[in-house]
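**Q**
Number of protein chains: 2
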Amino acid sequence: MAELPDKTTAFIDWYLEVVEAADLTDKRYGVKGMNIWTPYGFVARRNLDRVIVQEIEATGSKPVEFPALIAANEFAKEKEHIKGFDAEVFWVTKGGLSELDVPLVLRPTSETAMYPVFALWVRSHRDLPLNVYQIVNVFRYETKTTRPFLRVREIHFFEEHTCQAGEPEATERVRSNLGAFARMAAAYALPYLALRRPDWDKFPGAHYSVAFDIPVGGARTLQIGSVHHYRQNFSEPYGIRYETADGRQELVHQTTFGLSERLLGAIVAVHGDSKGVVFPPSIAPYEAVIVPIPESGGGEGPLAAARALYERLHEAGRRVFLDDGEERPGAKYYHWEVRGVPLRLEVGRREVASRRATAVDRLGQKSAVAFDSAPQDVTSRLEAFDRALQERAREAFRAAFAVARSLDELPKSSKVRLVSWCGREECGHRVEAALDGSLLGEPEEGLPFEVESPGPCIACGETRDARWALAGRPL
Amino acid sequence: MAELPDKTTAFIDWYLEVVEAADLTDKRYGVKGMNIWTPYGFVARRNLDRVIVQEIEATGSKPVEFPALIAANEFAKEKEHIKGFDAEVFWVTKGGLSELDVPLVLRPTSETAMYPVFALWVRSHRDLPLNVYQIVNVFRYETKTTRPFLRVREIHFFEEHTCQAGEPEATERVRSNLGAFARMAAAYALPYLALRRPDWDKFPGAHYSVAFDIPVGGARTLQIGSVHHYRQNFSEPYGIRYETADGRQELVHQTTFGLSERLLGAIVAVHGDSKGVVFPPSIAPYEAVIVPIPESGGGEGPLAAARALYERLHEAGRRVFLDDGEERPGAKYYHWEVRGVPLRLEVGRREVASRRATAVDRLGQKSAVAFDSAPQDVTSRLEAFDRALQERAREAFRAAFAVARSLDELPKSSKVRLVSWCGREECGHRVEAALDGSLLGEPEEGLPFEVESPGPCIACGETRDARWALAGRPL
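If you read the sequences in order, they're chains B and Z.
Start counting at 1 in the first sequence, then tack on 16, and there's your number in my numbering.
Start counting at 1 in the second sequence, then tack on 16, and there's your number in my numbering.
(1) Report the start-end ranges of each alpha helix (DSSP H) in the segment 377-465 of chain Z that is 4 residues or longer and not cut off at the edges.
(2) Any beta carbon from chain B within less than 7 Å of Z:TYR326's own beta carbon?
(3) Go ahead and pull the three-state DSSP assignment for B:ARG64.
(4) Using DSSP's beta-bridge definition, name the partner residues of Z:CYS473.
(5) Starting from Z:TYR224 and walking both ways along the beta strand (DSSP E), at which residues does that stretch end?
(6) Leaving out the 5 sequence neighbours to the left and right, which residues in its chain are closer than 7 Å to B:PHE91 when beta-carbon positions are compared?
(7) Taking 7 Å as the threshold (beta carbon to beta carbon), is Z:TYR302 in contact with chain B?
(8) Does any residue of chain B bring its CB to less than 7 Å from the CB of Z:VAL284?
(9) In chain Z, which residues lie with their C-beta within 8 Å of the C-beta of B:GLU4?
(10) Are there 16 or more other CB atoms within 10 angstroms of the CB of B:LEU267, so buried, or fewer, so exposed?
(11) Given a cut-off of 7 Å, decide if Z:ALA369 and Z:ALA205 are closer than it, judged by their beta-carbon atoms.
(12) Between Z:ARG167 and chain B, is the shortest Cβ-Cβ distance under 7 Å, so that the two count as touching?
(13) Given that a residue counts as buried once 16 or more other Cβ atoms are within 10 Å of its Cβ, and exposed if not, what is B:ASP481?
(14) Per DSSP, what kind of secondary structure is B:GLU127 in: helix, strand or coil?
(15) My understanding is that Z:VAL293 touches Z:ARG236, with C-beta atoms under 8 Å, so please give their C-beta distance in whole angstroms.
(16) With a threshold of 6 Å on Cβ separation, who are the neighbours of Z:PHE101 within its own chain once the five nearest residues in sequence on each side are excluded?
(17) Can you pull the chain Z neighbours of B:VAL105, defined as C-beta to C-beta under 9 Å?
(18) Where B:VAL432 and B:PRO207 are concerned, what is the direct C-alpha to C-alpha distance, given to the nearest angstrom?
(19) Can you pull the chain B neighbours of Z:PRO132, defined as C-beta to C-beta under 9 Å?
(20) State the Cα-Cα distance for the pair B:PRO464 and B:PRO472, rounded to the nearest angstrom.
(21) With 7 Å as the threshold, decide whether the Cβ of Z:VAL138 is near any Cβ in chain B.
(22) Going residue by residue through the segment 35-94 of chain Z, where are the continuous alpha helix (DSSP H) segments of at least 4 residues, counting only ones entirely within it?
(23) Below 7 Å between beta carbons: does that hold for Z:SER242 and Z:ALA227?
(24) Going by other Cβ atoms of all chains shown within 10 Å of its Cβ, with 16 needed for buried, is Z:ASN89 buried or exposed?
(25) Return the CA-CA distance between Z:SER276 and B:THR75, expressed in angstroms with no decimal places.
(26) Can you list, in chain order, the stretches of the beta strand (DSSP E) that have 3 or more residues and sit fully within the segment 230-285 of chain Z?
(27) State buried or exposed for Z:PRO184, treating a residue as buried only when at least 16 other CB atoms are found within 10 Å of its CB.
(28) Looking only at its chain, what residues have a beta carbon closer than 7 Å to the beta carbon of Z:SER383, apart from the 5 residues adjacent to it on each side?
(29) Could you name the residues of the same chain whose beta carbon sits closer than 6 Å to that of B:VAL133, not counting the 5 residues immediately before and after it, in chain order?
(30) Please report whether the beta-carbon of Z:TRP352 lies at a distance below 7 Å from any beta-carbon of chain D.
(31) Grouping DSSP H, G and I as helix and E and B as strand, with all else coil, what is B:LYS218?
(32) If the cut is a Cβ gap below 8 Å, which residues of chain B does Z:THR54 touch?
(33) With a threshold of 16 other CB atoms inside 10 Å of the CB of B:GLU94, please say whether the residue is buried or exposed.
(34) My output table needs one value for B:GLY346: the three-state DSSP class, helix, strand or coil.
(35) On a Cα-Cα basis, can you pick out the residue from B:GLU158, B:LYS218 and B:TYR258 that is closest to B:VAL47?
(36) Would Z:GLU104 pass as a contact of Z:ARG167 if the rule is Cβ separation under 7 Å?
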């Protein structure tokens, strides 16, 4: 039961210890950068995926699954894309005891798997839009330091790929994706910024990229997802054409939307504290844990009442765990706090007498849950907990940004920087050099907090075209 | 709208056409033996997996996910196992632009991925039983002819792996798995035989294997799953030991339980007919489709009523599709029959007048669904359809077997053979040679139909130890 490192001053150490202490992953697998999804981590991931599936299917996207292996010749068709991924793919070169005629790539993302087939699926304007998604694992031969959920070599991945009749329709799909992500992030209680990446930092092959960033560990940022507008950059090499209503052949415009297991890392990073993980109810493997407190006289009262409470909540469809093990109550409290269970229900002699469990939520708020109205009481306790968690995350989010007014100031603050920028690449690179970080881009849909108007460009002093941009050091 | 090949006389041709006509798969992917899960096929698979997850978790098994890549040295630890898989794995030899120090195998199954870690997870008798499962894709460099769902190179796969304190506990886990599979198969309306494979045909590394077989296409059989007792065959090389209550170190006994996308192929093969696929309601992507029949006068009545019916069923949680496209009703009937939708609801002028949709189930049974009690009426129609489908499948199953009384008779019948067998390997091989097929093994839990007592061994004539065994030609 060693204490965790301090989250504020030693964020990464804290993170690495907490994901293991909370039993979300096991890093002792024999291949670098590939970890094991333990039962507890797997169920958190399953809950997280459920939100993604619900929100994306509500926008009319349909699930598919394409093969994990891509023939080398298809992989190489779009030049920028292959340049971006060439150095970080795993190659399958042997099948059984013999060399393969055509080497295969383990997908790092699925454009090159899907688009030759999209060229067969899309024939007429009646086939559009084509909005499909898959949730699969992708593989990247990562050479940087790997970290559970944040940077791994086998990545649990959501990817939507769409074909649209024209550029406006594709732009509209980007908007729709931004809206869907806003609803997902609300379920995860994750405030974020949607930033249009500067041209030199967009996805390989994209026309433009909007990324979702959150501040973590002080001055660092974490990209937790992205939406891309491809225009016809891929439809041209892959020949994805359709016949318009008036008989012309046109190339489709395409978009993609990507999320990954990093979202789980982000939930740990944003909500976790000195006691461990804190799960929003939507994601928590168990929404509540029941701890019976045995009577010193050895009576069965609390245990029997705890069991009855468990049955009632379980039947009502709540994800609840009855911890009737032999450890002492204090050890159980600690066990489930580290694991981030939103609500603990204690049942001792006093609770049996009053027919009300003592409820303590993961932020320390105490209340009571009546045995006779347990499902409703638990629902309202979880809703109150979720509101408090959302508010705490929003406050920390607002406090994580600061305006920087000169290049000298950039490296000094422990916050993510708002800078005035004229929009020129040269000035962007000067910001990056001064910070030893990245110009993350401009807010795609405004800033979610109040700030004055931008001043002159932090690099060249030009006031014309000045706009706010974010600068930070990606984790 | 070409007619399908005859299922009885040209089973494989029928199967290959029907899986594509029903839009369950797209075979036009650029890598041999790897197909695309289309939206319709994917949702059928998702429904199928839901049954598996529900039944296996009800037995206390927990979900995990281990990496897809296995280091060559771990893969080679159990001698029989590696011999069984050596010639059919894909090898990853390059990462980025350089050769890997240790080549990696794309998992063909996960014993060798999991068991080094089980050795870390299992320490004490308190850690037992360890019952975990995963649903992942596995990869086999299949050299035989590939066929959608039945034999592919990337396989959607369920695998449970367990560690038990002793042999009796492992045997009990095998029993529990057989029970869980019985419940899954009931949801799929699939009658099957559980057969203990002869020793020469067990899973590489197993102590014994019980396989689930179904008759398909006359004299052929299809293995749709298996449960294995490993004893200590893997725990010894991987060092999976625990401390007993009295302080001794013991190797665990292990079991596994495997299922795959073949189940979807089996559902197609067993229930399909001359019109296409027939889905049991549990698996059907849509349980019902609503077809409005426009009035010749051009009135909106049927369409509006169909929409209201859709809303009512959708809100009640039914998986329902409103086909309000421009094709003629007959074309729509054909479209959804091929795809196996259990129930069609027709809404024309007469139906609007009577406030009752005409219901036609996929076996041709006609009835009515009242607008005002549509959710309940649809539920009862689906239940009746499921019962009829179960009964039809059971009858076909019973009719698929015939006793063979001499080796000469074996190749002649178009049924799966029941043979009297003395249990000796030599006689088993004589049966296999005569049939040009396999001795599938002995019923693990009795035969599900009436049959006389076994006579003398079909090969040697010995009556001592004679028992029924099944012989067939696996597809």
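For glycine and all other residues, C-beta sits at the position ideal for the given N, C-alpha and C.
No experiment lies behind these values; they were computed from the predicted model shown.
**A** Looking at the coordinates:
(1) Listed in chain order, the alpha helix (DSSP H) elements of length 4 or more contained wholly in the segment 377-465 of chain Z are 390-414 and 441-451.
(2) Counting from one through the second sequence, the residue named residue 326 of chain Z turns up at place 310. Taking 7 Å as the CB threshold, Z:TYR326 stays off the interface with chain B.
(3) Start at 1 with the first residue of the first sequence, and residue 64 of chain B comes out as number 48. For clarity, residue 64 of chain B is Leu in the given sequence; the question names Arg instead. Helix at B:LEU64.
(4) Reading the second sequence from its first residue, position 457 is the one you call residue 473 of chain Z. Beta-bridge pairing links Z:CYS473 to no other residue.
(5) As a working note, residue 224 of chain Z is residue 208 in the second sequence. Element bounds for Z:TYR224: 224-232.
(6) Counted from its first residue, the first sequence places residue 91 of chain B at position 75. Contacts found: ILE98, VAL121 and THR128.
(7) Here residue 302 of chain Z refers to the residue found at position 286 of the second sequence. By this cut-off, Z:TYR302 is not an interface position.
(8) Against the second sequence, residue 284 of chain Z aligns to sequence position 268. No, because no Cβ of chain B sits closer than 7 Å to the Cβ of Z:VAL284.
(9) Nothing about residue 4 of chain B can be read from this structure; chain B reaches only from 17 to 491.
(10) The residue labelled residue 267 of chain B in the question sits at position 251 within the first sequence. Its Cβ being crowded by 16 or more others within 10 Å, B:LEU267 is buried.
(11) Looking up residue 205 of chain Z in the second sequence gives position 189. Looking up residue 369 of chain Z in the second sequence gives position 353. Going by C-beta atoms, Z:ALA205 is not nearer than 7 Å to Z:ALA369.
(12) The residue you call residue 167 of chain Z lines up with position 151 of the second sequence. Nearest CB-CB separation between Z:ARG167 and chain B: not below the 7 Å threshold.
(13) Translated into positions along the first sequence, residue 481 of chain B becomes position 465. Around the Cβ of B:ASP481, a 10 Å sphere holds fewer than 16 other Cβ atoms; the residue is exposed.
(14) By one-based count along the first sequence, residue 127 of chain B stands at place 111. Reduced to three states, the DSSP call for B:GLU127 is helix.
(15) Numbered from 1 along the second sequence, position 277 holds the residue referred to as residue 293 of chain Z. Numbered from 1 along the second sequence, position 220 holds the residue referred to as residue 236 of chain Z. About 19 Å separates the two Cβ atoms, so there is no contact after all.
(16) Translated into positions along the second sequence, residue 101 of chain Z becomes position 85. So the qualifying residues of the chain are PRO124.
(17) For the purposes of this step, residue 105 of chain B is identified with residue 89 of the first sequence, where counting begins at 1. Near B:VAL105 (Cβ distances below 9 Å), the residues of chain Z are LYS110, GLY111 and GLY112.
(18) For this step, residue 432 of chain B is matched to residue 416 along the first sequence. For this step, residue 207 of chain B is matched to residue 191 along the first sequence. Taking the straight line from one Cα to the other gives about 14 Å.
(19) Mapped onto the second sequence, residue 132 of chain Z falls at position 116. Scanning chain B for C-beta atoms nearer than 9 Å to the C-beta of Z:PRO132 yields ARG44, TYR45 and GLY46, reported in chain order.
(20) The count along the first sequence starts at 1 and reaches residue 464 of chain B at position 448. The count along the first sequence starts at 1 and reaches residue 472 of chain B at position 456. When only Cα atoms are considered, B:PRO464 and B:PRO472 end up about 22 Å apart.
(21) Start at 1 with the first residue of the second sequence, and residue 138 of chain Z comes out as number 122. Interface criterion not met: the Cβ of Z:VAL138 is under 7 Å from no Cβ in chain B.
(22) Taking only runs of at least 4 residues, the alpha helix (DSSP H) segments lying wholly in the segment 35-94 of chain Z are 55-73 and 88-91.
(23) Translated into positions along the second sequence, residue 242 of chain Z becomes position 226. Translated into positions along the second sequence, residue 227 of chain Z becomes position 211. Yes. Within cutoff.
(24) Taking the first residue of the second sequence as position 1, residue 89 of chain Z is located at position 73. Around the CB of Z:ASN89, fewer than 16 other CB atoms lie within 10 Å, so the residue is classed as exposed.
(25) Numbered from its first residue, the second sequence carries residue 276 of chain Z at position 260. Numbered from its first residue, the first sequence carries residue 75 of chain B at position 59. Going by C-alpha positions, Z:SER276 is about 30 Å away from B:THR75.
(26) The segment 230-285 of chain Z is shown to contain whole beta strand (DSSP E) runs of 3 or more residues at 236-247, 257-259, 265-267 and 269-276, in chain order.
(27) Taking the first residue of the second sequence as 1, we reach residue 184 of chain Z at position 168. With fewer than 16 other Cβ atoms inside 10 Å of its own Cβ, Z:PRO184 counts as exposed.
(28) The sequence position of residue 383 of chain Z within the second sequence is 367, counting from 1. Non-local C-beta neighbours of Z:SER383 in its own chain, meaning closer than 7 Å and more than five positions away in sequence, comprise ALA375 and ARG397, ordered along the chain.
(29) By 1-based counting over the first sequence, the position of residue 133 of chain B is 117. Around B:VAL133: no qualifying Cβ.
(30) Among the chains of the structure shown, chain D does not appear; the protein chains present are B and Z.
(31) Within the first sequence, numbered from 1, the residue matching residue 218 of chain B stands at position 202. In this structure, B:LYS218 counts as coil in the three-state DSSP scheme.
(32) On the second sequence, position 38 is the one that residue 54 of chain Z refers to. Those are VAL80, listed as they occur along chain B.
(33) Counting from one through the first sequence, the residue named residue 94 of chain B turns up at place 78. With 16 or more other CB atoms across the displayed protein chains lying within 10 angstroms of its CB, B:GLU94 is buried.
(34) As a working note, residue 346 of chain B is residue 330 in the first sequence. Reduced to three states, the DSSP call for B:GLY346 is helix.
(35) Translated into the one-based positions of the first sequence, residue 47 of chain B becomes position 31. Selected option, being the one with the closest Cα: B:GLU158.
(36) Walking along the second sequence from the start, residue 104 of chain Z turns up at place 88. Walking along the second sequence from the start, residue 167 of chain Z turns up at place 151. With contacts defined by Cβ atoms closer than 7 Å, Z:GLU104 and Z:ARG167 do not form a contacting pair.
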